[in-house]
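Following: one structure in structure tokens, then a few remarks.
There are 2 protein chains.
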Amino acid sequence: MTSELNLDWLISVDDHVLEPPNVWVDRVPAKDRDRAPHMELDDKGMDFWVYDGKKFPSSGLSAVAGKSKEEFSPEPLAYSEMRPGCYDAAERVKDMDRAGVLASLCFPTLPRFCGQLFYEASDRDFGLVCLKIYNDWMLDEWCAAAPGRYIPLVLIPLWDPQLAVKELERCAAKGATSFAFSENPEPLGLPTIHDPSGYWEPVMAAANDLEMVVSMHVGSSSQVPKIASNTPFMANLTWGAMRTSGTMLSWLFSGLFQRYPNLKIALSEGEVGWMPYYLERAEQVLDKQRYWVQRGATFMDHGGSTGVDLDTLDIRATFREHIFGCFIEDHHGIASLAEIGEDNIMCETDYPHSDSTWPNCIQTVRNIISHLPEQTQYKLLRGNAERLYRFTPAAPPVLAGA
Amino acid sequence: MTSELNLDWLISVDDHVLEPPNVWVDRVPAKDRDRAPHMELDDKGMDFWVYDGKKFPSSGLSAVAGKSKEEFSPEPLAYSEMRPGCYDAAERVKDMDRAGVLASLCFPTLPRFCGQLFYEASDRDFGLVCLKIYNDWMLDEWCAAAPGRYIPLVLIPLWDPQLAVKELERCAAKGATSFAFSENPEPLGLPTIHDPSGYWEPVMAAANDLEMVVSMHVGSSSQVPKIASNTPFMANLTWGAMRTSGTMLSWLFSGLFQRYPNLKIALSEGEVGWMPYYLERAEQVLDKQRYWVQRGATFMDHGGSTGVDLDTLDIRATFREHIFGCFIEDHHGIASLAEIGEDNIMCETDYPHSDSTWPNCIQTVRNIISHLPEQTQYKLLRGNAERLYRFTPAAPPVLAGA
């Protein structure tokens, strides 16, 4: 039935948009323009966002597309000095075309990875207005600028699960299939996914019913890994996916996947090479240690709590059905594909952040996966993303000179 | 030159001794017997250690040898109910013989993994007396009970690096080749290995000069991994090696291996399956992010600090020369052997803790490694441990019925 598989294009499930200056000011009444997120210029010509009485300069590391690694810098960068693909949907598509990126899911920048900005705002009613505007802009402007080229990712009001459900329903009706959530809500001052009061249950139920993928970007706990107070920065930076491993284990043992069989999570920019070890370890811990934990023995203040029926929990089956990861240049992860499962890994390009492989995205991925069967390559390049996000991409563009 | 390799025996570089009741009371003057660590009985016949005004009951999970997993319990256990191999060196050798364990390196129990007990004691002068007694007992009684069957591990006074150097010299002269150190001294209230005042430099210099392996057991920071406050206990338990990965990265980027070329560290009970991901990630972070870090840019309060010359740091070469891990049942780690290096992995049996594979130690390891060349198997079973700890084991015993 299928013609030859096209392996020249990938779908990136983790990129980043630097919101263009008009997102909010175009959509609020004139009276609210000064209190909505808007850009101002300092006397040196550097632009920065202003919202809720605070200034938010950009980080140069969030807009490195087109720069060499020697030029990377965390210093603030004016929009005028950025590659337009950072903030312009049509320009981004040109950059995607150049790099073999058929479609892209973008996380927000000013609102932070799961919309912490609006949760932390002093006026949450207006925060909700601004959050909805982000979602509308993402759906109606960014994604609509190039149909079939962008997978929308929306935000929820983290501070009110009932309002979050309404926003999920509203966005699902407009075509969204995924929302951003925190890898660990507790450091944000929010209940965990294990909260005994069931704080997040309405959101999880809605995600289940609406088939909205829970996308959790590394760092969406607003936590920076720190091995010790004066550990060399490079060690902490390397350690980043430690957070994602904790997220995976939290969800695996949470019982959420047993209660909500349609619930699926995407671990974004967390890589995958650490998964096989932790999956195997989870099986061993479950096998050997569950008896005394189940008897409710207290041990090191943990109280033997657990959110799932340990006797029936199947770590591998739960993982394969519900948990998805993605990779940029994770050779070890791909070498471990059989242990992780070829249906659970997607690729990403992290444009325009400092881990990005742009403009060599498709070449980089193909170099890592070219030894695999073509069907497997196709899954990693795009098939898994299409299935998970229920997304039908545009036909690959025919490029001039191609 | 070599005859056929004997693959029927392993050297375990991570086991545990429950100190017998006589360790300290036999070695202090009569007047100090009540204040030295000693055992008392409660009115139910349960024994517990007493030291420095505190009671220390045992944990059943630290003495499961001979029990089925269904029987594991963290409840205190009397010595009389433990398998004698837990605390008796001659009985332990019988258990080792039964399980194919040629030699064993044991971590302490009452003093904790790196001697925290004496560091925390109200009277450190007497704490040092007790610490030296532990070392003498380990060398003169435990190890001497079966020459060539035990690799001694000694403790240092963590609170005084100069005294620690003296104790290292004293123990090295008595044949010790390794000492216990903390995977992360900061949570213990001690300076980190990166401390700019050079707190640990005398200890590291002595370890280098005396070729004393720095053995760091998982949990020797006295930290229990906790993803969030109410994360299911099984998730936290599975996450344990997260600490070891932080330790490995701290040391890799510390500059210590560049300053002390003979320094070698052993990561004990941390498994190895997570290593390939973090080694690859370290190389990528070093490749892409070092330029802006070197320019001293401040980013997220870390200040771009680093303890090593990033331009000359070779992650793989540094790892292979200086860092050693061990495994119990880590199939993924062994599947990744080529990425980690067959000279850097040893095996362990964790006797008599709840991860132990006893009495099936040799069978378990052989099942995991039997597909490898015999020379490689030999390295993993014992060759690497012999080389790292400069240890010559006894000839394998000829067992009745074998």
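If you're matching them up, the sequences are chains A and B in order. The first sequence begins at 15 in my numbering and counts up by one. The second sequence begins at 15 in my numbering and counts up by one. Think of the CB as a built atom: it goes at the ideal place given N, C-alpha and C, for glycine as much as any other residue.
Selected residue, minimal CA-CA separation from residue 277 of chain B, among B/334, B/246, B/296: B/334
CB-CB under 7 Å to residue 55 of chain B, same chain, minus the five flanking residues each way: which ones, in chain order? 61
Would you decide whether residue 67 of chain B is buried or exposed? Buried here means 16 or more other CB atoms lie within 10 Å of its CB. exposed
What does the alpha-carbon distance come out to for the pair residue 404 of chain B and residue 155 of chain B? 20 Å
Limits of the beta strand (DSSP E) - the one that residue 50 of chain B falls within: Unbroken run through residue 50 of chain B: none, as it is neither H nor E.
Exposed unless 16 or more other CB atoms sit within 10 angstroms - verdict on residue 162 of chain B: exposed
DSSP-derived helix/strand/coil call for residue 249 of chain A: helix
With a CB to CB cut of under 6 Å and the five nearest residues on each side skipped, what residues in its chain are close to residue 292 of chain B? 259
Given that residue 196 of chain A touches chain B, what residues does it touch there, using C-beta distances under 8 Å? None at all; the shortest Cβ gap to chain B is about 11 Å.
Assign residue 406 of chain A to one of two classes, buried (16 or more other C-beta atoms within 10 Å of its C-beta) or exposed (fewer than that). exposed
Against chain B, which members of the stretch 282-294 of chain A pass a CB distance test of less than 9 Å? 285, 286, 287, 288, 289, 290, 291, 292, 293, 294
Stretch-stretch touch, CB-based, cutoff 8 Å, three pairs: the stretch 360-379 of chain A with the stretch 20-27 of chain A: yes
Which residues, in order along the stretch 232-254 of chain B, keep a beta-carbon less than 7 Å from a beta-carbon of chain A? 238, 241, 242, 243, 244, 245, 246, 247, 248, 249, 250, 251, 252, 253
In this structure, how does DSSP classify residue 179 of chain A when only helix, strand and coil are distinguished? helix
Spell out a yes or no on whether the stretch 289-306 of chain A and the stretch 82-96 of chain B are touching, meaning 3 or more CB-CB pairs, one atom from each, closer than 8 Å. yes
Nearest residue (CA-CA) to residue 337 of chain A, options A/353, A/247, A/212, A/271: A/271
Apart from the five residues on each side of it in sequence, which residues of its chain come closer than 6 Å, Cβ to Cβ, to residue 185 of chain B? 149, 168
For residue 176 of chain A, count neighbouring Cβ atoms within 10 angstroms of its own Cβ and tell me buried if that reaches 16, exposed if not. exposed
Cβ contact (3+ pairs, closer than 8 Å) linking the stretch 321-333 of chain A and the stretch 44-54 of chain A: no
In whole angstroms, what separates the C-alpha of residue 354 of chain A from that of residue 410 of chain A? 29 Å
Since residue 144 of chain A is in the alpha helix (DSSP H), which residue starts that stretch and which ends it? 138-150
Does residue 349 of chain A come out as helix, strand or coil in the three-state DSSP assignment? helix
Give a yes or no on contact between the stretch 89-107 of chain A and the stretch 200-211 of chain A, applying the rule of three or more CB pairs nearer than 8 Å. no
For residue 414 of chain A, count neighbouring Cβ atoms within 10 angstroms of its own Cβ and tell me buried if that reaches 16, exposed if not. exposed
If contact means a Cβ-Cβ distance below 8 Å, which residues of the stretch 359-375 of chain B contact chain A? 368, 369
Simplified DSSP assignment, three categories, for residue 329 of chain A: helix
Does the stretch 190-206 of chain A come close enough to the stretch 241-251 of chain A to have 3 or more Cβ pairs within less than 8 Å? no
For residue 190 of chain A, which option in A/226, A/180, A/160 has the closest C-alpha, if you only look at C-alpha atoms? A/226
Can you tell me whether residue 367 of chain B is buried or exposed? The criterion is at least 16 other CB atoms within 10 Å of its CB, across all chains shown. buried
Tell me whether residue 102 of chain B sits in a helix, a strand or coil according to DSSP, three-state version. coil
For residue 289 of chain A, I'd like the list of residues in its chain whose CB is within less than 6 Å of its CB, leaving aside the five on either flank, ordered along the chain. 354
Which ranges would you report for the beta strand (DSSP E) in the stretch 214-294 of chain A if only whole runs of at least 3 residues count? 227-231, 279-282
Alpha carbon to alpha carbon, what distance is there between residue 254 of chain B and residue 240 of chain B? 9 Å
From residue 327 of chain B to residue 375 of chain A, what distance separates their C-alpha atoms? 27 Å
Residue 153 of chain B vs residue 182 of chain B beta-carbon contact at 8 Å: no
Whole angstroms is fine: what's the gap from residue 230 of chain B's alpha carbon to residue 131 of chain B's? 16 Å
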